[in-house]
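Residue numbers (UniProt numbering): 1 to 335. Working notes for the structure below.
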Amino acid sequence: MVLCNFDELLSAPSTCYDNIRNLDEAGVGCDGVTCSRICDRNEKYAVASDYKNAASAKGVCLDKCKTILAICKRIENKISSASEVFYPFDVEYNNSINHPLGTSSAFSICTVEPGTAYDVARVLTIIRETQVPFGIKGGGHSFNPGFSSTTGILIAMSRFRQITYHPTSQTVELGAGLLWGDVYQALDPLGVTVVGGRISSVGVAGLILGGGYSWKSNQYGLSIDNAIEYEVSGAYPHVPSSTPPLPMIIQFSWALPSDDNVFIDGLKSATKAIRQAAFANGQDVGGSKEILYPNNALEDTPLEQMYGKNLPKLRRIRQEWDPNNIMCLCGGFKF
Ligand SMILES: Cc1cc2nc3c(=O)[nH]c(=O)nc-3n(C[C@H](O)[C@H](O)[C@H](O)COP(=O)(O)OP(=O)(O)OC[C@H]3O[C@@H](n4cnc5c(N)ncnc54)[C@H](O)[C@@H]3O)c2cc1C
Numbered sequence: 001m002v003l004c005n006f007d008e009l010l011s012a013p014s015t016c017y018d019n020i021r022n023l024d025e026a027g028v029g030c031d032g033v034t035c036s037r038i039c040d041r042n043e044k045y046a047v048a049s050d051y052k053n054a055a056s057a058k059g060v061c062l063d064k065c066k067t068i069l070a071i072c073k074r075i076e077n078k079i080s081s082a083s084e085v086f087y088p089f090d091v092e093y094n095n096s097i098n099h100p101l102g103t104s105s106a107f108s109i110c111t112v113e114p115g116t117a118y119d120v121a122r123v124l125t126i127i128r129e130t131q132v133p134f135g136i137k138g139g140g141h142s143f144n145p146g147f148s149s150t151t152g153i154l155i156a157m158s159r160f161r162q163i164t165y166h167p168t169s170q171t172v173e174l175g176a177g178l179l180w181g182d183v184y185q186a187l188d189p190l191g192v193t194v195v196g197g198r199i200s201s202v203g204v205a206g207l208i209l210g211g212g213y214s215w216k217s218n219q220y221g222l223s224i225d226n227a228i229e230y231e232v233s234g235a236y237p238h239v240p241s242s243t244p245p246l247p248m249i250i251q252f253s254w255a256l257p258s259d260d261n262v263f264i265d266g267l268k269s270a271t272k273a274i275r276q277a278a279f280a281n282g283q284d285v286g287g288s289k290e291i292l293y294p295n296n297a298l299e300d301t302p303l304e305q306m307y308g309k310n311l312p313k314l315r316r317i318r319q320e321w322d323p324n325n326i327m328c329l330c331g332g333f334k335f
């Protein structure tokens, strides 16, 4: 898959400002040029799976784009001054859609950077009402296009950057737009840390939602095990989008061992189904062809199957350098 040339897409042509509906434009001015360029690009490179079927009919894409642009404008009119909507010719748009792995990015019709939980709720309410495709981006470290990118409306959480340490309860409040590096940098001078990501460029929100392996997970569990409370914004069907909806606080608990078993059983049956599908597809994934990534292996997988003849050597290293198995050295948490 080839991504578009950002410069070409983002440089605003003079037709943006001529107030005329030019050939192939969906409307007048930049809106029209936006759609025309996005549809051209999506057609050419099939960047956006949403539009794949429409690729042969650019008109369908243009109509869709025009509809979504109108929803972007509606959002723009509803959010507070703490938040902003950006379009492909805005400099900030580029930051919003950009991912560390370029292939995970997609050209959204517009991006929204909410600055308050109320505005997140307002945006989600409009999205729910209009059923427009949308995506949410935290640190943007997803590998796959469509996970935190969209050809519809992208909500970029980058304005949520609060880090508030509460010494009495030994807890910290973290914004959903932070990267783990931001968090460690702020907490380090205070002599405290959190059970967070191992690489500083990864986002706080996405990592916690996926569980979160930390260097300290052997000692303290996953990041998600250490999360006490989330602030959740939602779309409220009973509240018209003109009324400011209230964010709500939920308590999170994953306390019972039986909760773990539900997760492990689900993982096992999913693994089995994937293997069966691969076999049915004619793929040879058994025996020596089996590839195991230790981080994702099930807990009862024989260690020899993961580490082969390196196992004794790895055990020696771990014993010497990390006798308490705290740092998960070389996957030591499995030894
Ligand atoms: C270099 C690298 C190192 C990594 N290291 C670790 C590691 O040490 N430990 C570990 O456990 N994992 C690690 N990962 C995996 C990483 O945790 C996941 O890829 C995670 O999803 C990234 O989160 P993000 O916020 O950066 O990504 P994003 O792509 O922004 O988000 C990931 C998912 O979460 C959703 N999301 C984000 N914010 C919100 C929100 N506020 N509300 C609702 N949904 C939201 C997005 O829509 C997307 O589906 C690593 C990945 C990379 C690329």
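Note that the Cβ used here is the ideal one computed from N, Cα and C, for glycine as well.
| Check | Outcome |
| --- | --- |
| Same chain, Cβ closer than 6 Å to residue 205, neighbours up to 5 away in sequence not counted | 138, 176 |
| Environment of residue 86 [buried if 16+ CB atoms lie within 10 Å] | buried |
| Residue span of the alpha helix (DSSP H) that contains residue 181, given as start and end | 180-187 |
| Distance cut-off 8 Å: residue 176 Cβ against heavy atoms of ligand 1 | yes |
| Contact the region 145-153 vs the region 179-189: 3+ CB pairs below 8 Å | no |
| Proximity test, residue 220 beta-carbon vs ligand 1 heavy atom, cut-off 8 Å | no |
| Runs of beta strand (DSSP E) lying entirely within the region 102-167, each at least 3 residues, in chain order | 110-113, 134-137, 153-156, 163-166 |
| Check: residue 166 C-beta below 8 Å from any heavy atom of ligand 1 | no |
| Span separating the alpha-carbon of residue 312 from that of residue 305 | 13 Å |
| Continuous beta strand (DSSP E) stretch holding residue 230: start and end | 229-232 |
| Residue interval of the alpha helix (DSSP H) (run including residue 204) | 204-209 |
| Any non-hydrogen atom of ligand 2 within 8 Å of residue 204 CB | Inclusion of ligand 2 in the displayed structure is not the case, the ligand content consisting of ligand 1 alone. |
| Of the residues 107, 79, 70, 101, the one placed nearest residue 40, counting alpha carbons only | 107 |
| Heavy atom of ligand 1 within 8 Å of residue 216 beta-carbon | no |
| Beta-bridge partners of residue 174, as assigned by DSSP | 163 |
| Within 9 Å, strictly: CB atoms of residue 222 and residue 200 | no |
| Boundaries of the beta strand (DSSP E) in which residue 91 is found, first to last residue | No beta strand (DSSP E) holds residue 91; the alpha helix (DSSP H) holding it covers 91-97. |
| heavy atom of ligand 1 below 8 Å from residue 207 C-beta | yes |
| Buried versus exposed, by CB contacts within 10 Å (16 or more), residue 111 | buried |
| Per DSSP, the bridge partner or partners of residue 84 | 113 |
| Beta-carbon spacing of residue 159, residue 115 below 9 Å | yes |
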